[in-house]
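Asker: From first to last, the protein sequence lines are chains A and B.
Per my numbering, the first sequence starts with residue 2, numbered consecutively.
Per my numbering, the second sequence starts with residue 3, numbered consecutively.
Don't be surprised by glycine CBs; every beta carbon is placed ideally from N, CA and C.
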Amino acid sequence: MASEKVTTLTDTNFDQSVIKAAQPVLVDFWAEWCGPCKRLGPTIDELATDYDGRVTIGKLNVDDNPAVAGRFSIRGIPTLLLFKGGQIVEQVVGLADKDSLKKMLDKHVPAPAQG
Amino acid sequence: MRIRDVIIIGSGPAGLTAALYSARANLKPLVIEGLEAGGQLMLTTLVENWPGFRDGIMGPDLMTEMRAQAERFGAEIIRGNVTHVDLAAPPFRVKTTEGEYFSRALILATGASARLLGLPSERALLGHGVSTCATCDGYFFRGKPIAVVGGGDSALEEAIFLTRFASHVTVVHRRAALRASKIMQDKAFANPKIAFEWNSDVEDVKDLTRGEVTSIVLRNNLTGALKEVEVDGIFVAIGHTPNTSLVTGQIELDEPGYIVTHMGSRTSVPGVFACGDVQDHIYRQAITAAGSGCMAAIDAEHYIDGLPQHLGEPGLVDDDIAVAD
């Protein structure tokens with residue numbers, strides 16, 4: 002089950018939620034039939050908790066939202082794109098472990114507030 | 003520090019069969035499943051050569067069953083990716099991104115990963131038309147022409163699977179004949195959507211500036227002639243590379259980089275055993291991987307039984323080695 006901290010992205014809300022977003026957004030392009038996507042799922046959920054308030058973590062189902070998937074030439078999943086100020090700043094294709102994803106995110110976001 | 007009897011790295015058919023057998027031998031194995039949990043069968047569809055299933059079984063379903071069977075007998079399977087192993091002396095140290103574990107015996111079942119062609123444009127277009135997994139990405143090529151590179155069983159299996167989606171599948175092979183089994187060749191030759199480019203090497207994947215695959219450039223390796231084939235996707239199925247980076251320099255590897263085993267699953271390091279595709283470049287079947295996993299579990303059990311009392315006594319499994327000493 003997806004964490005409640007994960008934003009569901011669609012063709013309709015993508016520009017508002019990602020391109021115009023104030024904080025960085027990590028978009029997980031996935032589909033129901035994709036085994037590796039399912040394996041990545043728990044990691045995405047954990048990142049959503051770990052980076053709550055710093056990075057928006059969103060999932061976009063490529064079957065239901067072909068416009069966004071087409072716009073970024075997504076032809077393989079799982080693919081993760083990190084958007085900052087409306088621009089793609091990182092791309093990860095295929096499975097990745099939590100550690101390397103955290104390192105990737107940490108390059109672009111401030112450390113959590115102390116206290 | 004807890005010292006376990008057996009740690010198994012990898013969770014494909016080899017790792018899970020080793021887990022099943024060592025669990026049933028009451029060794030309470032810890033399986034660290036790795037990033038590609040379940041192994042290569044997780045990326046396949048129907049497996050028709052696993053004995054016992056006359057109508058075949060879906061690869062992911064087979065792995066789910068294997069996992070549940072190993073767990074039923076007490077195997078502990080954890081998520082995590084091993085980043086470092088220390089084989090200098092037992093107990094062997096295994097580090098993951100989350101923690102550190104120690105064991106008397108270690109079973110390496112890390113498998114093999116798909117090999118790429120090695121073209122710069124290929125890597126840059128991964129996920130944008132270049133793929134190593136037909137079942138993952140085939141869906142994106144509905145009604146589009148695509149190419150499959152390779153001439154073995156996996157290349158033909160991918161090609162045949164991809165005809166469900168693609169308008170046309172070009173199989174690019176660098177030789178004049180296929181390596182694949184007769185039954186797969188017959189299926190491929192009979193499929194009207196599949197055509198072949200023989201004696202051909204992939205010279206380039208285009209188009210980097212557009213950020214997506216639009217064509218591939220083939221070079222005939224007999225005549226040197228170049229040919230551009232318009233495709234929306236290219237699936238690379240030219241074999242696998244053994245996943246040995248964890249143990250390189252600590253254990254004997256053969257020329258192509260596979261772990262050398264002798265007398266069953268024994269490696270050059272006593273107490274370290276290897277099974278599955280990481281030590282097999284000949285058979286590479288789910289059933290041979292599983293068979294070698296069984297061998298590794300039995301070899302590990304014998305090894306532990308033969309250890310000095312303070313290391314091998316079953317009652318001390320959870321104790322600190324220093325205290326037991």
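Looking only at C-alpha atoms, which of PHE198(B), THR211(B), GLU214(B) and ARG212(B) sits nearest to LEU220(B)?
Answerer: Out of PHE198(B), THR211(B), GLU214(B) and ARG212(B), PHE198(B) has the C-alpha closest to the C-alpha of LEU220(B).
Asker: Could you work out which residues of chain B lie near LEU96(A), taking near to mean beta carbons separated by less than 8 angstroms?
Answerer: Here the neighbours are LEU37 and GLU38.
Asker: I'd like to check one pair, GLU160(B) with MET186(B): are the Cβ atoms closer than 8 angstroms?
Answerer: Not in contact: MET186(B) and GLU160(B) (Cβ atoms no closer than 8 angstroms).
Asker: Among GLY95(A), GLY59(A), ASP65(A) and ASP64(A), which has the Cα closest to the Cα of THR83(A)?
Answerer: For the sequence presented, residue 83(A) should be read as Leu rather than Thr. Ranking the options by Cα distance to LEU83(A), first place goes to GLY59(A).
Asker: Taking Cβ positions only, does ASP167(A) come closer than 8 angstroms to chain B?
Answerer: Residue 167(A) is absent from the model: chain A starts at 2 and stops at 116.
Asker: In angstroms, rounded to a whole number, what distance separates the CA positions of PHE15(A) and GLY86(A)?
Answerer: The straight-line gap from Cα to Cα measures roughly 13 angstroms.
Asker: Please determine, among VAL271(B), ALA27(B), PHE143(B) and HIS283(B), the residue with the shortest C-alpha to C-alpha distance to SER169(B).
Answerer: Out of VAL271(B), ALA27(B), PHE143(B) and HIS283(B), PHE143(B) has the C-alpha closest to the C-alpha of SER169(B).
Asker: Do you know offhand how far MET105(A)'s Cα is from PHE73(A)'s?
Answerer: Taking the straight line from one Cα to the other gives about 20 angstroms.
Asker: Please return the same chain residues whose Cβ sits closer than 8 angstroms to the Cβ of PRO111(A), not counting the five positions on each side in sequence.
Answerer: Cβ within range, chain order: ARG55.
Asker: Report yes or no: do the region 148-156 of chain B and the region 33-46 of chain A share at least 3 C-beta pairs separated by less than 8 angstroms?
Answerer: Touching, no, given that fewer than three Cβ pairs across the two stretches are closer than 8 angstroms.
Asker: Residue ranges of each beta strand (DSSP E) run of no fewer than 3 residues wholly in the region 106-163 of chain B, ordered along the chain?
Answerer: List check, beta strand (DSSP E) in window: 114-116 and 147-151.
Asker: What residue does the alpha helix (DSSP H) around VAL69(A) start on, and which one ends it?
Answerer: Segment 67-72, the alpha helix (DSSP H) holding VAL69(A).
Asker: For the ligand GDP, is there a heavy atom less than 7 angstroms away from the beta-carbon of ASP7(B)?
Answerer: Looking for the ligand GDP in the displayed structure turns up nothing, as the structure carries no ligands at all.
Asker: Using the beta-carbon of each residue, which ones in chain B are nearer than 7 angstroms to ARG40(A)?
Answerer: Near ARG40(A) (Cβ distances below 7 angstroms), the residues of chain B are ALA39.
Asker: Are at least three pairs of beta-carbons, each pair with one atom in the region 133-141 of chain B and one in the region 39-51 of chain B, less than 8 angstroms apart?
Answerer: The region 133-141 of chain B is in contact with the region 39-51 of chain B.
Asker: First and last residue of the alpha helix (DSSP H) that includes HIS242(B)?
Answerer: No alpha helix (DSSP H) contains HIS242(B), which is instead part of the beta strand (DSSP E) from 242-244.
Asker: Start and end of the beta strand (DSSP E) containing ARG95(B)?
Answerer: Taken as a continuous stretch (DSSP letters only), the beta strand (DSSP E) holding ARG95(B) covers 94-98.
Asker: Report the option in VAL204(B), SER202(B), ILE236(B) and VAL174(B) whose CA atom is closest to the CA atom of ALA190(B).
Answerer: Residue VAL174(B) is the option with its Cα nearest to ALA190(B).
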